[in-house]
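Heads up, the thing below is written out as structure tokens.
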Amino acid sequence: MVTVNERTEMHRALEAILLVADEPVTPNLLAQLLEIPAVRVEELCTELADSYEVAGHGFVLARVGGGYRFQTAPDLAPYVERFVLEGQSARLSAAAMETLAIVAYKQPLSRAQVAAIRGVNVDGVMRTLQQRGYIEEVARDPGPGQAVLFGTTRQFLEKLGLDSLDDLPSLGDFVPGADMVEAMEMGLRLTVDDEPATAPEAGGDDAPPSA
Amino acid sequence: MVTVNERTEMHRALEAILLVADEPVTPNLLAQLLEIPAVRVEELCTELADSYEVAGHGFVLARVGGGYRFQTAPDLAPYVERFVLEGQSARLSAAAMETLAIVAYKQPLSRAQVAAIRGVNVDGVMRTLQQRGYIEEVARDPGPGQAVLFGTTRQFLEKLGLDSLDDLPSLGDFVPGADMVEAMEMGLRLTVDDEPATAPEAGGDDAPPSA
Amino acid sequence: MPYEVQTAVFEGPFDLLLHLIMREQVDLYEVSLSTIVDAYLAELDRMQAAEGQLDLDVATEFLLIAATLIELKARRLLPGRDDLELDEEFSLWEERDLLVARLLQCKTFKDAARVLAHLGDEAGRSFPRLAGPEEHFLAVTPDLLAGVTPAQLKAAFLKAVAPKPVPKVDIRHLHMVKANVSDAVAELIDELPRIGRISFRRLTESLVERLEVVVRFLALLELFKQGLVDLEQALAFGDIDVVWLGYERAEADLAMAGIDAYDG
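Protein chains in written order, with my numbering: chain A, 1 to 211; chain B, 1001 to 1211; chain C, 2001 to 2264.
Have a look at this one:
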């Protein structure tokens, strides 16, 4: 475990990055961000995890899905469940709502296209929406990238009391602005090129959290 | 601060709840969930925050926007920014910032009132601020025009790292001092008692004010 | 007097005046008001050159301040005018004090804004955790779409696709968004059904700028043309009464959907 004296800049940086991540972060990506070997990342993370356990925190550092993430200590689940039931999580966040709205009105479209319109990474939000059964994979882009295309589900329509997508409120005279057209095109281009130049890794797993 | 031995079930429950929260959680909600007085929640949170600081973690427990939340330690911003690619929201222009300051200190007030203070039309700026979630419609003027009145949002507090509007720096601190007032009055002086009406150059008597 | 008009773009007449006074602060006696007026006229020229045309809304504001300054200047050039009415004299002082008060206000918020921006920068170095509950808690999470209406979904979509601000670092720019007749129409359709009948004077009481009043008037003419309101004027030059003809909000929106949006 790490005592106060041994807590290094690298430990602290790992804590900070993992705090803002909304899905497990692979040792490879962490290694890249901290510019240290992946093996060293694994050592540091193990030290952190041990230190949390010894200190008896309400959170743990877990190794799941090929990466590390903060999660709640299992014995505290009753408290977390109460919060989830009564607290703020009982409604769709503004980010999730916007993402869902884009999928609803623009379907079918790829994750990259949604991200381009929203201007932020949407992987986490899209996954939540999918888990909740509001959106689903409906097709594959016939283009080279063969990106998965998403659309809304039957359940989504039922929850909103709509008969079909035609019943969505009309956008009226809404004309997409130049920036949106560009965003859509950029989304397509990202799909085709398969990897945005700036992203750390092509895979969705290591993407930054959505704001 | 809390040592390992003193870390109670309540401390741990708070850590778990705050870990899954996606916006600041009010002491009242926490008190309700833990079935303890809100005052006690505040004590416990302060203890946790202090303990993190002493231990030198990469995260901090901050009090912002009327509640508690986990956030990254400011000095680790370079690492986090590398990870959170979309990162920083665009900074506000000076014009937008001044408009925001007026709304913050004078709320609630109408667009026309802001414009009157700024001396320019503020519709565009106000719309931007509204879109970005810094200000919102909070009421309607009871008068005949029923103008929409604006105020700042909780997100505004979060963006500025403030707990409540009471934490805004006092406006009094910014009111120009007497020397400035004098300078302005001199700049716009009406009388010419101490200045020859015809001479553009100032005489010895007309020494500049000590501003 | 060697004097270069700033290349900076000024946010408004107070901004410019404040800049001029602050800049000359050390040597105020050397600054003649005519220099300031010259700077105003130069700024108007610059605006006209930059925009291709003069924005009347902004130009009026600048001219108003410039006129006030000229009046103050004239007063200085003509000292001891015995025939100056006391009222006139007072009103001149009042004008000056008003101007100083507005300048002080402008300066106050300018400084406050700088501190707020600093706070924002500091706070921006900390990133909040937004991950939410782990997936195994999803089972107990209530239905997230409960209470969400299709209209809210539409609003969220429009918000999502609204133009994003272009990132910029502290570049001052002039906001000259014009008052817009279609916006005014929308406001009136919102307000009038609740009020029923109101005089134009009262309807525009809260508006500060003349252009806004003009735009409201044009908006009323549009509503009149579409048969949504009646306009009554009992006496020549008397108050104009606006009467909402009792249509539902939705009908009104529909009727106005087709009108041309043109700038006031």
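The C-beta atom is built at its ideal place from N, Cα and C for all residues, glycine as well.
In the structure shown, residue 1146/B falls within a coil segment according to DSSP collapsed to helix, strand and coil. DSSP, reduced to helix, strand and coil, places residue 1036/B outside both helices and strands of the structure shown, so it counts as coil.
Contacts between residue 2110/C and chain B, judged by CB atoms closer than 7 angstroms, involve 1098 in chain order. If you keep only unbroken beta strand (DSSP E) runs of at least 3 residues inside the stretch 1048-1124 of chain B, you get 1059-1064, 1067-1072. About 6 angstroms separates the CB atoms of residue 2206/C and residue 1143/B; that is less than 8 angstroms, so the two are in contact. Per DSSP, residue 137/A is one residue of the beta strand (DSSP E) stretching across 135-140. For the stretch 2116-2143 of chain C, the residues whose beta carbon sits under 8 angstroms from a beta carbon of chain A are, in order, 2127, 2128, 2129, 2130, 2131, 2132, 2133, 2134, 2135, 2137, 2138, 2140, 2141, 2142, 2143. Distance from the CA of residue 2019/C to the CA of residue 1107/B, rounded to the nearest whole angstrom, comes to 27 angstroms. Take the alpha-carbon of residue 1019/B and the one of residue 1036/B: they are about 19 angstroms apart. Within chain A, 98, 101, 102, 104, 105, 171 have C-beta atoms less than 8 angstroms from the C-beta of residue 2157/C, given in sequence order. Not a single C-beta of chain B is nearer than 7 angstroms to the C-beta of residue 2201/C. The C-beta of residue 2091/C comes no closer than 7 angstroms to any C-beta of chain B. Where residue 2230/C is concerned, the enclosing beta strand (DSSP E) starts and stops at 2229-2233. Annotation: residue 1058/B to residue 9/A spans about 8 angstroms, alpha carbon to alpha carbon. With a cutoff of 7 angstroms on beta-carbon distance, residue 1030/B and residue 1039/B are scored as not near each other. A Cβ-Cβ distance of about 14 angstroms is found for the pair residue 2142/C and residue 80/A, leaving them out of contact under the 8 angstroms criterion. Proximity of residue 1182/B to chain A, defined by a Cβ-Cβ separation below 7 angstroms, is not satisfied. When DSSP reads this structure, residue 2241/C sits in a beta bridge with 2199/C, 2232/C.
The C-alpha of residue 158/A is placed about 32 angstroms away from the C-alpha of residue 1024/B. When rounded, the separation of the alpha-carbon atoms in residue 2122/C and residue 2203/C is 44 angstroms. Under the DSSP definition of a beta bridge, residue 1152/B partners with 1135/B. The stretch 2125-2132 of chain C and the stretch 1091-1105 of chain B do not touch, with fewer than 3 CB-CB distances between them shorter than 8 angstroms.
Per DSSP, residue 1027/B has no beta-bridge partner at all. Straight across, the Cα-Cα distance linking residue 1132/B with residue 2234/C is about 47 angstroms. Residue state for residue 2142/C is assigned as coil, using DSSP reduced to three classes. Think of a sphere of 8 angstroms around the beta carbon of residue 26/A: no beta carbon from chain B falls inside it, the nearest being about 12 angstroms out.
Burial is judged here by how many other beta carbons sit within 10 angstroms of a residue's own beta carbon; residue 64/A has fewer than 16 and is exposed. Residue 130/A has a beta carbon lying at 7 angstroms or more from every beta carbon in chain C.
When Cβ-Cβ separations below 7 angstroms define contact, residue 1041/B makes no contact with chain C.
Only buried fits residue 1111/B, as 16 or more other CB atoms lie within 10 angstroms of its CB.
Taking 7 angstroms as the cut-off, the beta carbon of residue 1184/B is found closer than this to the beta carbon of residue 2100/C.
Between residue 1114/B and residue 1122/B, the gap from beta carbon to beta carbon is short of 7 angstroms.
Boundaries of the alpha helix (DSSP H) around residue 2155/C: 2150-2161.
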